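Student: For the record, in the sequence shown the residue sitting at position 90 is 90 according to UniProt numbering, with numbers rising by one throughout.
Before we start, here is the structure in question, set down as structure tokens.
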Amino acid sequence: MIDSDETIERLRREPQTEFTLKRALQEMGINVPRGVLLKEPPESINIPFPVALKVSDENVLHKTELGGVKIGIESAGVLRNEINKMKEKFPDSSFLVEEMIQGGIEIIVGLSRNPVFGLSIMLGMGGTMTEIYNDVTFRLIPVIAQDCSDMIDEVSVGRFTGNGFRGKFIDR
């Protein structure tokens with residue numbers, strides 16, 4: 001059995017970065033891309049190229065607009081170069097290097113902490129157009145499996161369950 005209570009308690013104490021949230025999802029049995037968190041450029045990594053590079057900082061929300069995302073990196077040399085460039089913009093940040101998954105559905109999962117309500121989770125269609133489409137839904141944490149299923153059905157992501165659409169589908 002998955003101890004989501006323990007994971008949630010740890011999340012209450014840790015910075016809310018993409019890396020920590022994906023690690024929590026993985027602990028709860030949800031597949032996420034393989035990734036590694038770095039402070040310095042590596043000599044090599046155990047993730048096949050191409051990879052994506054993202055700044056990992058709880059204070060940087062719109063990474064793409066700020067130059068904190070680079071996709072399609074094809075070699076360790078290019079990765080080191082791109083990390084060094086990002087370090088100039090984000091000197092105190094860590095960097096997430098992730099495998100790139102081809103042909104999938106981009107979703108956004110967010111977690112926010114409110115001093116009155118506590119933790120809440122957001123789910124919706126992801127990508128750079130998330131704010132324009134405003135296709136997201138929220139729940140207060142903790143959630144149960146039925147809450148997650150309902151959230152999927154409330155947004156466009158739900159259209160990709162079952163048989164999917166044009167060869168793209170999600171697995172609940």
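The beta-carbon is built from N, C-alpha and C at its ideal position, and this holds for glycine as well.
Source: prediction; values computed, not measured.
With 8 Å as the threshold, decide whether the Cβ of Gly29 is near any Cβ in chain C.
Tutor: The structure shown has no chain C; it contains just one protein chain.
Student: With 16 as the cutoff for other CB atoms within 10 Å, does Val136 come out buried or exposed?
Tutor: By the neighbour-count rule (16 or more Cβ atoms within 10 Å), Val136 is buried.
Student: Could you tell me the boundaries of the alpha helix (DSSP H) in which Ile101 lies?
Tutor: Unbroken run through Ile101: none, as it is neither H nor E.
Student: Please confirm if the segment 77 to 94 is in contact with the segment 45 to 58, defined as three or more CB-CB distances below 8 Å between the two stretches.
Tutor: Verdict: yes, contact present.
Student: On the three-state DSSP scale, how would you describe Arg13?
Tutor: Here Arg13 sits in helix by DSSP.
Student: Using three-state DSSP, classify Ser56 as helix, strand or coil.
Tutor: Here Ser56 sits in strand by DSSP.
Student: Lys39 lies in the alpha helix (DSSP H); which residues open and close that run?
Tutor: Note, Lys39: premise wrong, no alpha helix (DSSP H); not H, not E.
Student: Identify every run of the beta strand (DSSP E) within the segment 62 to 110, keeping only runs that are complete inside it and at least 3 residues long; order them along the chain.
Tutor: Entirely contained in the segment 62 to 110, the beta strand (DSSP E) runs reaching 3 residues are, in chain order, 69 to 73, 94 to 99.
Student: Below 8 Å between beta carbons: does that hold for Arg157 and Met125?
Tutor: The displayed chain sequence assigns Val, not Arg, to residue 157. Yes, the Cβ-Cβ distance between Val157 and Met125 is below 8 Å.
Student: Taking the alpha helix (DSSP H) that Arg139 falls in, what are its first and last residues?
Tutor: No alpha helix (DSSP H) holds Arg139; the beta strand (DSSP E) holding it covers 136 to 140.
Student: What distance in whole Å lies between the Cβ atoms of Arg12 and Leu119, which are believed to be in contact at a cut-off of 8 Å?
Tutor: Rounded, the Cβ-Cβ distance is 7 Å, consistent with contact.
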